[in-house]
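Respectively, the protein sequence lines represent chains A, B and C. For the first sequence, position 266 matches number 266 in full-length UniProt numbering, and the numbering has no gaps at all. For the second sequence, position 51 matches number 51 in full-length UniProt numbering, and the numbering has no gaps at all. For the third sequence, position 241 matches number 241 in full-length UniProt numbering, and the numbering has no gaps at all. For each residue, glycine too, the CB sits at the ideal point set by N, CA and C. Here the structure is laid out as structure tokens; the discussion comes afterwards.
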Amino acid sequence: MAATAAGPVHEALAALGLVDHHCHGVVTTALDRAGFESLLTEGEAWPGSGISPFDSPVGLAVRRHCAPVLDLPRHAPPEDYLARRAELGAREVNRRFLAAAGTAALCVDTGYAPERLTTPAELAGAAGRGTAAYEVVRLESVAEGVAARGVAAGAYAAAVDTAVRQAVARPGVVAVKSVAAYRTGFALDPARPSDAEVTRAAAAWLARGSGGGALPLADPVLVRHLLWTAVDLGLPLQLHTGFGDGDLRLHRADPALLTDWLHLTAGTIPVMLLHCWPYQRQAAYLAAVFEHVYLDVGLALHHVGPYRAGAVLAEALEITPFRKLLYSSDAYGLAEFHHLGAVAFRQGLAEVLRRLLDIDELSLADALRIARWTGRDNALRVYHLPDPAGHAEGLDARGTTPTADLPDERP
Amino acid sequence: MAATAAGPVHEALAALGLVDHHCHGVVTTALDRAGFESLLTEGEAWPGSGISPFDSPVGLAVRRHCAPVLDLPRHAPPEDYLARRAELGAREVNRRFLAAAGTAALCVDTGYAPERLTTPAELAGAAGRGTAAYEVVRLESVAEGVAARGVAAGAYAAAVDTAVRQAVARPGVVAVKSVAAYRTGFALDPARPSDAEVTRAAAAWLARGSGGGALPLADPVLVRHLLWTAVDLGLPLQLHTGFGDGDLRLHRADPALLTDWLHLTAGTIPVMLLHCWPYQRQAAYLAAVFEHVYLDVGLALHHVGPYRAGAVLAEALEITPFRKLLYSSDAYGLAEFHHLGAVAFRQGLAEVLRRLLDIDELSLADALRIARWTGRDNALRVYHLPDPAGHAEGLDARGTTPTADLPDERP
Amino acid sequence: MAATAAGPVHEALAALGLVDHHCHGVVTTALDRAGFESLLTEGEAWPGSGISPFDSPVGLAVRRHCAPVLDLPRHAPPEDYLARRAELGAREVNRRFLAAAGTAALCVDTGYAPERLTTPAELAGAAGRGTAAYEVVRLESVAEGVAARGVAAGAYAAAVDTAVRQAVARPGVVAVKSVAAYRTGFALDPARPSDAEVTRAAAAWLARGSGGGALPLADPVLVRHLLWTAVDLGLPLQLHTGFGDGDLRLHRADPALLTDWLHLTAGTIPVMLLHCWPYQRQAAYLAAVFEHVYLDVGLALHHVGPYRAGAVLAEALEITPFRKLLYSSDAYGLAEFHHLGAVAFRQGLAEVLRRLLDIDELSLADALRIARWTGRDNALRVYHLPDPAGHAEGLDARGTTPTADLPDERP
């Protein structure tokens with residue numbers, strides 16, 4: 001894929017106001033080299049090792065695609081990049097990258113913030129131009145909050161239910177999220193646990209945490225209970241799958257392991273498989289055979305960089321219905337990732353579609369429709385978001401299934 | 001890969017009468033939109049969802065490659081496509097696509113037909129031009145038939161053996177097939193079950209089905225018993241692996257899970273790994289290290305479309321010996337898939353070989369030989385089919401191991 | 001990737017003296033067709049089957065890239081190739097391929113030699129031009145030697161420790177290696193086994209082997225014990241992962257299964273994941289999140305050939321930090337594989353980097369640095385090898401993290 005490639009699909013994707021259906025806030029303080037590098041990698045930074053996260057595909061992508069946003073030449077050295085970043089200050093840096101991302105709407109996971117991050121409203125403010133922000137509630141964080149505030153085991157299920165319902169009743173909440181992939185992996189008993197099982201598991205978990213606040217929720221019964229809580233709630237459920245940090249057991253985050261649970265939940269809530277790499281083909285299979293399953297390749301987009309993003313998207317799109325692929329950045333901490341995710345998605349998808357167009361495997365109208373659906377409309381539809389007006393000019397090719405005709409999906 | 005790419009390998013593959021070593025019949029009745037769409041997807045159709053199977057890679061491929069066969073422009077809208085299809089009628093539609101496929105011989109799995117499908121003879125008749133049809137017997141269907149007709153548990157093994165031998169004794173039967181991937185997955189005890197184990201498992205299974213006809217055979221012991229029945233029979237055994245419909249647990253259909261069983265069956269029957277996607281590299285490994293293992297990427301070919309078929313074939317061919325890859329469409333229900341599978345195989349393989357030729361990684365004679373072997377000769381050899389004369393003109397480049405010198409493989 | 005592609009990265013990689021951090025010796029006797037073919041495949045050769053290993057990707061690669069080294073035309077027929085090979089004699093053949101490989105240093109696994117192979121010194125001698133040779137000690141072979149010489153179960157652990165320490169104290173030993181992937185797979189209890197567990201397991205294993213010499217070490221406790229022995233030793237540990245011969249269960253050689261053990265060993269020895277295919281993305285994930293994890297795609301390089309080597313390397317490099325990828329051939333038996341591995345690595349990596357350069361995703365200085373690091377410097381650094389002078393001309397572009405500044409990694 002060529003950064004310099006042009007043509008109608010590249011132009012349409014460049015002009016499209018993306019809906020980023022899963023992302024996080026960014027840090028608001030100045031970052032020194034160690035701080036920046038620790039956010040640049042999904043691993044830990046390895047100070048003293050001589051191995052810098054700049055010397056990785058995402059590091060190259062930052063120097064190539066982010067340096068110019070800070071008025072530096074392409075491929076600027078890390079030292080220059082960090083100096084310029086410090087000179088501009090966090091507020092200006094965040095503003096530039098969020099604006100450059102060209103995102104029309106952001107769905108922000110607020111459940112993980114070991115450091116101070118922007119709120120959804122602050123993030124949207126940095127993006128400017130009328131960007132809308134929505135919130136995604138992380139279920140494990142809610143349950144851990146319930147435990148931290150103190151609850152009897154027998155009252156745990158009801159307290160979690162109440163807390164989750166309160167959390168999603170706040171304005172702007174459009175989905176919930178689970179990190180079951182991290183906590184237990186997906187090789188779980190798929191069945192809804194009984195009340196007695198939940199009480200028993202809660203008792204054991206709460207006992208372990210007593211005296212020192214809540215432990216991370218990693219009990220298989222309680223993790224399953226949260227997944228089923230999401231089903232009862234009726235909102236789309238975002239599930240981390242595949243790639244992430246070193247706390248994963250990657251093979252247990254293969255979304256194919258969810259199949260039994262997906263059979264049990266067919267006809268209920270939309271299930272949004274996040275990230276998926278390197279299991280994007282497995283995720284695509286699930287999206288092809290289950291009506292309620294969707295996917296994205298967020299996080300991978302900026303880590304593999306714009307060139308390989310096209311290859312990953314091409315695999316994801318081998319069998320995925322075009323109504324089932326969404327855009328997310330999964331940007332966390334660094335505003336750069338909001339920009340890089342958008343660049344990688346636009347360039348990667350444009351290149352996949354251009355190649356198909358070049359050999360006449362699809363029509364231009366189809367290509368433009370697929371770009372608009374995956375970059376924006378699929379998310380508007382699944383999350384029932386209002387149309388972010390003014391971002392869709394130039395993308396009015398009509399598909400076979402116009403959005404306006406689509407029925408409501410929420411159960 | 002370019003539909004418009006030309007050159008000697010494209011021309012040779014275009015002229016080659018393919019042997020489709022695994023396919024199904026097609027429906028003979030008129031299809032309305034719902035009926036057509038339900039056959040277009042490996043999932044269920046999702047009426048009322050607003051998500052049409054036309055809006056997927058296979059839908060694009062139908063509009064691109066099948067519309068012209070029905071005298072429509074490329075990329076015709078679904079409505080036009082379905083109207084023209086209805087106008088021509090099922091008989092004419094089937095005739096056109098089967099003829100367009102250019103298949104010299106078809107091996108037809110007759111064991112799954114929830115709706116009325118063409119027989120192998122009818123399918124060959126639709127293809128015309130002297131196309132030969134052979135039959136593949138599905139083992140689970142035979143066993144379920146034995147149960148449905150009533151059998152004592154102690155007589156089950158002998159009755160299945162008799163029924164399978166009768167089924168394969170019919171003229172034109174060249175192989176058996178198992179859908180163990182669907183019923184239990186491949187993480188099975190690889191050993192041949194004892195008579196007592198089979199009787200005990202049969203008793204439990206037959207008891208569950210008593211009074212209401214046979215249940216699907218999904219008992220691990222009985223599934224293993226069928227695999228070993230195939231070994232005793234001596235015919236090639238086709239195994240569904242990887243991609244399929246929503247009844248799969250994809251990760252349990254990884255053919256690598258068969259390794260222990262393949263060690264036990266080394267030196268016996270040819271084992272034909274069907275489909276394999278997304279585990280085509282795992283299948284290639286097995287074909288590279290086990291003399292009796294072969295593979296295809298059928299089903300995936302038409303679902304991913306001709307462009308990505310090249311990518312999937314390139315992965316499958318990374319280490320697969322060229323005597324071990326076969327062509328299959330796995331077309332089911334829609335005659336379109338017989339055509340699309342052939343188009344995707346010819347274009348995908350031609351593109352893979354052309355790129356190697358362009359950089360002089362192989363000679364033209366080698367490329368033509370690989371095309372002829374994988375598209376036709378490997379199947380003729382494994383299934384002992386007569387040479388479908390008249391389809392091989394232009395492909396007489398001599399390989400290092402001429403077919404005529406190859407000894408008989410059947411044990 | 002084009003054999004004929006040129007440009008500064010191709011030229012730099014062509015001129016770079018590679019460090020092959022994992023390979024084996026080559027046979028020193030004449031090979032007839034059966035002997036050559038049995039070394040050409042990771043499976044068994046299948047005499048009488050009519051299927052020749054020449055009819056596979058590695059066979060094409062030998063005819064294309066090795067025939068000219070023996071003064072034959074490209075794509076020479078197997079018969080001509082074998083005749084010329086016999087004519088030149090093993091010594092001259094080995095000399096030509098080792099010299100053609102352009103390897104500056106070789107780390108030779110001496111622990112597997114069912115036939116007579118060159119010693120590391122002989123191998124370096126064949127390579128000429130001051131090529132250095134180092135040795136890698138295979139842990140299972142040492143333990144099996146301890147058992148073969150006779151040891152009481154209670155003395156097993158101490159005897160193995162002593163024998164391993166003696167083995168690695170020999171001049172030129174730079175690493176140890178485990179084939180746990182073959183013996184048990186990686187789904188092991190990650191914890192260090194207790195002395196009592198080791199004694200109990202040793203007693204059972206030694207009893208099985210009594211009277212007939214040592215059995216292959218495949219007990220899970222004893223395999224774990226060897227992994228932890230390596231941790232105590234402090235040398236880099238090479239681990240076979242992924243692709244290999246028919247004794248594997250490929251899915252149990254997925255390096256992701258090592259995650260729990262990698263958590264326990266963080267901060268200790270460098271862990272070198274060898275081969276990895278088809279799990280190169282899983283290996284890349286581990287290298288990205290664990291400071292002590294490195295990978296290569298050796299063995300796959302020559303088996304998939306130079307064209308697909310680029311595709312495999314591109315997947316491996318999607319997220320791998322550039323300090324974490326190394327070159328290995330894993331050549332065994334045939335001197336051709338030393339040459340083919342080097343050709344495939346140089347061409348594959350050059351093509352990956354050229355594409356990125358063409359679209360300005362990285363700078364030329366970055367591309368040259370990545371080439372030099374992965375082809376040579378990363379191995380020098382991990383194994384503390386002296387700089388093989390005279391091989392690095394033309395590759396003096398300065399990276400962001402010059403080698404000279406890197407601290408010692410060995411614990």
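| said: What residue range does the beta strand (DSSP E) around B:T103 cover? | reply: As a working note, residue 103 of chain B is residue 103 in the second sequence. Element bounds for B:T103: 103–109.
| Roughly how many angstroms lie between the CA atoms of B:G209 and B:L215, to the nearest whole one? | Taking the second sequence and counting its residues from 1, the one referred to as residue 209 of chain B is at position 209. Taking the second sequence and counting its residues from 1, the one referred to as residue 215 of chain B is at position 215. Using only the alpha carbons, I get a separation of about 5 Å.
| Given that a residue counts as buried once 16 or more other Cβ atoms are within 10 Å of its Cβ, and exposed if not, what is A:L18? | In the first sequence, residue 18 of chain A corresponds to position 18, counting from 1. A:L18 is buried by the Cβ-count criterion.
| message | Just to check my reading of the structure: C:V297 and C:W277 have Cβ atoms closer than 8 Å, yes? What is that Cβ distance to the nearest angstrom? | response | In the third sequence, the residue the question calls residue 297 of chain C occupies position 297. In the third sequence, the residue the question calls residue 277 of chain C occupies position 277. Sure, about 6 Å apart at Cβ, within 8 Å.
| said: So C:Y243 contacts chain B; which residues on that side make the cut at Cβ distance below 7 Å? | reply: Here residue 243 of chain C refers to the residue found at position 243 when the third sequence is read from its first residue. Residue identity check: residue 243 of chain C is Phe in the sequence provided, not Tyr. Ordered by position in chain B, the residues that pass the 7 Å Cβ test against C:F243 are Y285.
| Bridge partners - A:K177, DSSP secondary structure assignment | In the first sequence, counting from the first residue as 1, residue 177 of chain A sits at position 177. Answer is A:R138, A:Q238, bridged to A:K177.
| Based on the DSSP secondary-structure assignment, which residues constitute the bridge partners of A:Y294? | What you label residue 294 of chain A is simply residue 294 of the first sequence in a count that begins at 1. Its beta-bridge partners are A:M272.
| task | With 7 Å as the threshold, decide whether the Cβ of A:F322 is near any Cβ in chain B. | result | Counting from one through the first sequence, the residue named residue 322 of chain A turns up at place 322. Chain B, which has a Cβ nearer than 7 Å to the Cβ of A:F322, makes this yes.
| field | Terminal residues of the beta strand (DSSP E) in which A:H251 lies | value | To locate residue 251 of chain A, count along the first sequence from 1; it is residue 251. That residue, A:H251, is in no beta strand (DSSP E); it is neither H nor E in DSSP.
| field | Runs of alpha helix (DSSP H) lying entirely within the stretch 361–385 of chain B, each at least 4 residues, in chain order | value | 364–372, 378–383
| query | When we look at the beta-carbon of C:H22 and count the other beta-carbons within 10 Å, is it buried (16 or more) or exposed? | reply | Walking along the third sequence from the start, residue 22 of chain C turns up at place 22. Burial call: buried.
| Which of helix, strand or coil does DSSP assign to A:H303? | By 1-based counting over the first sequence, the position of residue 303 of chain A is 303. Residue state, collapsed to three classes: helix.
| For the ligand NAD, is there a heavy atom less than 6 Å away from the beta-carbon of A:C23? | Ligands in the displayed structure: none, and consequently the ligand NAD is not present.
| said: For the pair the stretch 353–362 of chain A and the stretch 33–47 of chain A, tell me if three or more CB-CB distances fall below 8 Å. | reply: As far as the Cβ criterion goes, the stretch 353–362 of chain A does not touch the stretch 33–47 of chain A, which means the pair count is below three.
| request: Kindly indicate which three-state DSSP category C:G7 falls into: helix, strand or coil? | output: Reading the third sequence from its first residue, position 7 is the one you call residue 7 of chain C. Looking at C:G7 - three-state DSSP - the assignment turns out to be coil, as it is neither helix nor strand.
| Taking Cβ positions only, does B:D330 come closer than 7 Å to chain A? | For this step, residue 330 of chain B is matched to residue 330 along the second sequence. No, B:D330 does not count as interfacial toward chain A.
| Nearest-angstrom Cα separation, counted from A:E336 out to A:A67 | Here residue 67 of chain A refers to the residue found at position 67 of the first sequence. Here residue 336 of chain A refers to the residue found at position 336 of the first sequence. Cα-Cα distance, rounded: 10 Å.
| message | With a threshold of 6 Å on Cβ separation, who are the neighbours of C:L262 within its own chain once the five nearest residues in sequence on each side are excluded? | response | Within the third sequence, the letter at position 262 stands for residue 262 of chain C. Counting only Cβ-Cβ distances below 6 Å, and skipping sequence neighbours, we find F290.
| query | For A:V27, which three-state DSSP category applies? | reply | Within the first sequence, numbered from 1, the residue matching residue 27 of chain A stands at position 27. Three-state result, A:V27: strand.
| field | Cut-off 7 Å between Cβ atoms - residues of its own chain near residue 412 of chain A, not counting five sequence neighbours on either side | value | The structure shown does not extend to residue 412 of chain A, since chain A is modelled only from 1 to 411, so the question has no answer here.
| Spatial distance of B:K177 from B:A191 (CA atoms) | Here residue 177 of chain B is taken as the residue at index 177 of the second sequence, counted from 1. Here residue 191 of chain B is taken as the residue at index 191 of the second sequence, counted from 1. Between B:K177 and B:A191, the C-alpha separation is close to 19 Å.
| task | At 7 Å on the CB atoms, spell out the chain C contacts of B:S363, in chain order. | result | For the purposes of this step, residue 363 of chain B is taken as the residue at position 363 of the second sequence. Near B:S363 (Cβ distances below 7 Å), the residues of chain C are H75.
| query | In its own chain, which residues sit with a C-beta less than 7 Å from the C-beta of B:R364, not counting the 5 before and 5 after it? | reply | Translated into the one-based positions of the second sequence, residue 364 of chain B becomes position 364. Reading the sequence as shown, one finds Leu at residue 364 of chain B and not Arg. Closer than 7 Å at the Cβ level, and outside the excluded window around B:L364, lie P8, L357.
| Beta-ladder partner(s) of A:L325, from DSSP | Numbered from its first residue, the first sequence carries residue 325 of chain A at position 325. A:L325 pairs with A:L295.
| message | Would you say C:P8 lies against chain A (beta-carbon separation less than 7 Å)? | response | The sequence position of residue 8 of chain C within the third sequence is 8, counting from 1. So, not an interface residue.
| message | Taking DSSP's pairing of strands, which residues face B:A333 in a bridge? | response | The sequence position of residue 333 of chain B within the second sequence is 333, counting from 1. According to the sequence as given, residue 333 of chain B is Gly; it is not Ala. Bridge partners of B:G333: B:V26.
| query | What separation, rounded to the nearest whole angstrom, lies between the Cα atoms of A:T103 and A:A180? | reply | As a working note, residue 103 of chain A is residue 103 in the first sequence. As a working note, residue 180 of chain A is residue 180 in the first sequence. Approximately 28 Å between the Cα atoms of the pair.
| field | C-beta neighbour in chain A for C:A288, strict 7 Å | value | On the third sequence, position 288 is the one that residue 288 of chain C refers to. C:A288 counts as touching chain A.
| field | Cβ neighbours of B:R116 in the same chain (closer than 8 Å, five flanking residues each side left out) | value | Position 116 of the second sequence, counted from the first residue, corresponds to residue 116 of chain B. V27, T28, T29.
| Residues from the stretch 219–250 of chain A in contact with chain C, defined by Cβ distance under 8 Å | F243, D245, G246, L248, R249, L250
| query | For the alpha helix (DSSP H) that contains B:F36, what are its first and last residues? | reply | In the second sequence, residue 36 of chain B corresponds to position 36, counting from 1. In the DSSP annotation of this structure, the continuous segment of the alpha helix (DSSP H) that includes B:F36 starts and ends at 33–40.
| said: Is A:S56 close to chain C? Criterion is C-beta to C-beta, closer than 7 Å. | reply: Counted from its first residue, the first sequence places residue 56 of chain A at position 56. Cβ-Cβ to chain C under 7 Å: yes for A:S56.
| field | Beta-carbon neighbours of A:T268, restricted to chain B and to distances below 8 Å | value | Here residue 268 of chain A refers to the residue found at position 268 of the first sequence. In chain order: nothing, as chain B lies at least about 14 Å away.
| query | Under a three-way DSSP split, which group does A:A133 fall into? | reply | Position 133 of the first sequence, counting from 1, holds the residue named residue 133 of chain A. Of the three classes helix, strand and coil, the one that applies to A:A133 here is strand, per DSSP.
| query | Bridge partners of B:L18, per DSSP? | reply | In the second sequence, counting from the first residue as 1, residue 18 of chain B sits at position 18. Bridge partners of B:L18: B:T103.
| Neighbourhood of B:R183 by C-beta distance below 6 Å, restricted to the same chain and skipping five residues each side | Numbered from 1 along the second sequence, position 183 holds the residue referred to as residue 183 of chain B. Taken in chain order, the residues that qualify are A218, V223.
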